[in-house]
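Notes follow once the structure below has been shown.
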Amino acid sequence: MSRLSINHEDEPVVPASTRIQCTFGKQIRELGSTWFADLGPPFGVMYCIKCECIPVQKKRRIIARVQCRNIKNECPKPTCDEPVLLPGRCCKSCPGTDTVQDLPAQLTSEEEERSLKHFGTLLTGKTSQAVRRDDAVPTSNYNSAYNYLATGRFTFHRKNLYYSFYLSAGTPRPRSIQFIDGSGSILEEQTIDAAGGVYQNATGKVCGVWRRVPRDYRKLLREERLHVSFIWEPCASLTGQLSRYRALSTEQFTSLLEPTMGVDRSLMSGAGGTAIVSASSASAPSIHVSLVFNGVFLPNDVSEVPIIVQLEHVEKDYVVLREEIVVKKPSNELNFGEVRSALSGADLRLLTRGKLSISIMSRRDPQALRLSGMVGPRVSCDMYQTLLISESPSRASGLAWAFLDRSGALRYGVRLIGLEEESPLVTLVDEGGKRRTELEDLTPSLRDGFANGTLDRPGPRFLEPLFNGELSVVAASHLGSLLRGRLLQRPVADARDTAAPVLLRRLTEDSQYPAPTALIWTAVDLDCALHYELEIAGLEQPNTSSNGDQEARTFRLYLETMPLLAQGAPVARRLLEEFTGNVLEGSVTGLSPVELYRIESGIGFLEVTDKQAGSLLKAPFKARAPLSCLPHYADNDVASVVAYNLHPPRSEIETGACFHETRFYEEGTQWTSANDPCSMCHCYRGLAQCDPVPCPVLACPQGKQLKPAAGHCCPICSITATNTTTTITTTTITGKSNVTYVGRGCILAGQYHPAGASWHPYLPPVGFDTCAVCTCDAVTLEVKCPRVQCPPLDCDEKIAFRPDKKACCRQCPSTTPSSATALNGNSDGMSLPRDQAAPSTRRSPEEILATGGCKYPLGGPYENGMEWHPRVHSHGEMKCVKCRCKNAEVRCERKRCPRSLCNSIAHQIKRGDYTVADADDCCTAQCRRSRRHHHRNNNHHPPRHSVSPRELS
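In full-length UniProt numbering, the protein residues as written are 1 to 953.
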């Protein structure tokens, strides 16, 4: 079946946020950038026309506009008699004294990223009064969010500003977030999804990203003149300033501090704080607490105000740490403090397990002025991920990801491909020291290549290597396969707020080791923009040019979508981005509702191609899209489609439509191929299947057979009939008449047959039934379809068989094998045990299959009822797996190990006896793993003992 392709490679990909960017020609320019106008051929670059992307105030919002001016009148007057105009210049200059008119030099992305690190904010009612606005706003009158509280962290990476927030227990999730300048002008505004997502719901955070921050606004951030605002209602908002907190470079834990029970509400209205906590479990365990707070001062506190900082165990009610700091000049908006102290190892473990709280209180009146909060995971929206690369010649690959939820538990996921038959061990390993240390065995949660689980309250020995990028995921098997990758921190945006990343793999088999792989996160935001974050590993080293420089490989990322209910229908293919390197973060707008519907339905594909080698990696993916982005009708282009929002279409396995020869057909319909009139087709489970028309044997001799008429495939016997002419019109499934036959004949299942014709009936989805012959009576035009009459059998019906699937009648075998031979396939009378049975050698494969036998890739076919141990090329005989043939179906199961046997093996190992009986070899590894730590499995999978025969082949 042919597949059409609709290319969108020439369509421009527009970034998700464009209102603060300028478009000049086909180029997108960021705010604050300057360039010389390029008018294209035949004019080229106009070096006397200098253009800028400038901000323009429109009410409270800032939009971008292009402004160009002629700079020729600004040229300095030459001091020589014969000035010259150099290429690429607007102004003439004297020889040897070139007038510099280059555009201002800008910081490199690496330099700029280093200068925009470690920003945080505290949003309280008191901080919201600091922003100056020109118009009336809620904070200048009544603000119902005055006692709400939030703290945030900001990470600048690849021109994107990632933000993360914790909200207090009494603060609802805001509707939108705004980035504003000191005068209150809105620079960027985003809607916050009320549903959150997988990551945000698990962590209790608000996560997002401001993509492609303009240069002018990056300058505001660098100079700490950028503010952020949460909006709930027109009269409910909180605002805070983005400030550089150097303690964020080592932050491991966070505490959001709010007024406690029994405080003076009149004094502490709009108050709050946040604590940035880091700890070390070295030879001398210690803790560092950096505080940002307000609202704990009395009206007469003017200078040198003592404040108590206390770290305490909330369950056992004892004080772990109590220190006094002095605030030299209290501020109504923000105050800062710092505490460093030694800490016992036991208290450090309590800190990592969420058992400690931090309190800030006035020494003069600690009951009336007090802020307190539990210490939990740091507020930054971090995801730790890695691609698992083979360290030995293997085609296996995988990925792993992990994050800390709101309780501090480590949630992890591992995906392995190519190791299903090797029963690998999956472990977490600390690679930070001189020797690798195994920290946790994840194998008990591994099912069918997936390991999903949770490690409750990991201690410092887990968190320190995790924060330092020294925690690895290792998958190893006894056959020598080894996959390894270090979990590295990545900022979380909307593309990470999904259930799991997608693993992209090579489509074709080749001899390259290891093969490149990639992982990608995808998501669709409320503005119907598709975001993607891609990471590739295992790439070959780039070629080296003649001058010694390495040539960067150029890759392309494509999006393919196809109709949900019509396999083989036109495929939409769109170029998302061309890139170099192994990391890509981007977004695309302009996707149609139909394309987004296909992506949500799981029939979208992402493909990475190499500009030189072609297709490199590919995988299907799906992403949840907001209902407002989806179409109102399903995507199958059939007239009988019902409204999508009333009756969502079911999966293609249950019902569907078929695309064949430029048009769609409904499920269950049949038709004649337009390209081949002697081919009948039908639609079954979304696939069009066509069969050539078989011609039945005619009863009349060859001389009395007439050649097929136009539009017919089989000859008919000559008949003597009346000269009555009947016009018969047939209609298609669309209801439009398109074929007209003139002559006497019959219609069966919408198909016309001339008088006297004979044919085999077409019975979808099986096809033509060659065991029945239909005839159109030449006189009465009555259709009869009798079945072929089979001769009587001269043997027992139980041993009769069909020589092939299309045979109409059963036959008797030439020799009848003994019952022992039929069961075990052993001709010398020596019966093999059922678990050691060999394939039959006396009967032909056709005879075995006709009596309920089974096909099998290695060693088959097998008799009905036979059992055996399968053999695999790379492993030999699999003694732990037993297969059985029953009624032409092969079922294979792995040996189950009872708990009593595991206890016996454990007892032998404990005594130092490592010799286990042969019958228990299959259980040794499984029983050893069952003694490891218990893991909670988040996913429900089929039992692990079930084995697919196709996998064993």
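Idealized CB from N, CA, C, for every residue including glycine.
Straight-line Cα distance separating residue j from residue i
i    : j    : result
G825 : F621 : Per-residue confidence for G825 stands at a pLDDT of 38, beneath the threshold of 50, marking its modelled position as unreliable; no derived number is given.
V608 : E560 : 11 angstroms
Y597 : C528 : 11 angstroms
G586 : Q385 : 18 angstroms
C883 : V492 : 47 angstroms
V206 : S331 : 28 angstroms
T23  : G602 : 34 angstroms
R553 : T580 : 6 angstroms
L487 : P174 : 32 angstroms
V277 : G373 : 12 angstroms
H531 : S628 : 17 angstroms
I177 : V213 : 15 angstroms
K886 : A850 : 13 angstroms
S718 : V779 : 13 angstroms
P631 : L242 : 40 angstroms
L267 : Q310 : 21 angstroms
E304 : E251 : 28 angstroms
T669 : Y752 : 16 angstroms
N396 : R505 : Position check: residue 396 holds Ala in this sequence, whereas Asn was assumed. Each residue's Cα considered, the two are about 10 angstroms apart.
G25  : T34  : 14 angstroms
E189 : P55  : 16 angstroms
S168 : A202 : 16 angstroms
D38  : Y148 : 51 angstroms
L351 : V375 : 7 angstroms
Close beta carbons around residue i, own chain, < 6 angstroms, minus the five adjacent residues each side
i    : result
R61  : I186
S362 : V296 and L369
A64  : I20, Q21, C22, L31 and C53
V209 : N160, Y162 and A493
C785 : P761, A772 and C774
L616 : V608, T609 and D610
A757 : I716 and C776
E438 : T427 and V429
Same chain only: Cβ atoms within 8 angstroms of residue i, ignoring 5 sequence neighbours per side
i           : result
C678        : P692, V693 and C713
S341        : S286, I287, L321 and E323
E661        : S673, A674 and N675
residue 954 : Residue 954 lies beyond the range of the chain shown here (1 to 953); nothing can be said about it.
P803        : Q811, E846 and A850
Sequence-distant residues of its chain with Cβ nearer than 7 angstroms to residue i (five each side left out)
i    : result
C90  : Y47, C48, I71, K72, C75 and Q101
D365 : L298
W232 : A145, P172, P174 and R175
L334 : L122, T127, V292 and N294
E595 : T561 and A572
L584 : L534, L557 and E577
K355 : H313, V314 and E315
W759 : P696, C714, H753 and C774
Buried versus exposed, by CB contacts within 10 Å (16 or more), residue i
i    : result
T124 : buried
L388 : buried
S900 : exposed
Y217 : buried
H682 : buried
P95  : exposed
G272 : buried
V228 : buried
Residue i - partner residues in DSSP beta bridges
i    : result
A619 : L606
R65  : I54
C690 : C681
A451 : V414 and L446
A275 : S255 and L291
P306 : V326
N335 : F293
L488 : Q385
M261 : Beta-bridge pairing links M261 to no other residue.
E438 : V429
key: Complete alpha helix (DSSP H) runs within the UniProt domain "CHRD" (115–247) (minimum length 4 residues, chain order)   = The qualifying runs are 198–203 and 215–222.
ask   = What residue ranges within the segment 343–376 form continuous beta strand (DSSP E) runs of no fewer than 3 residues, ordered along the chain?
value = Complete beta strand (DSSP E) runs here, min 3: 356–362 and 370–374.
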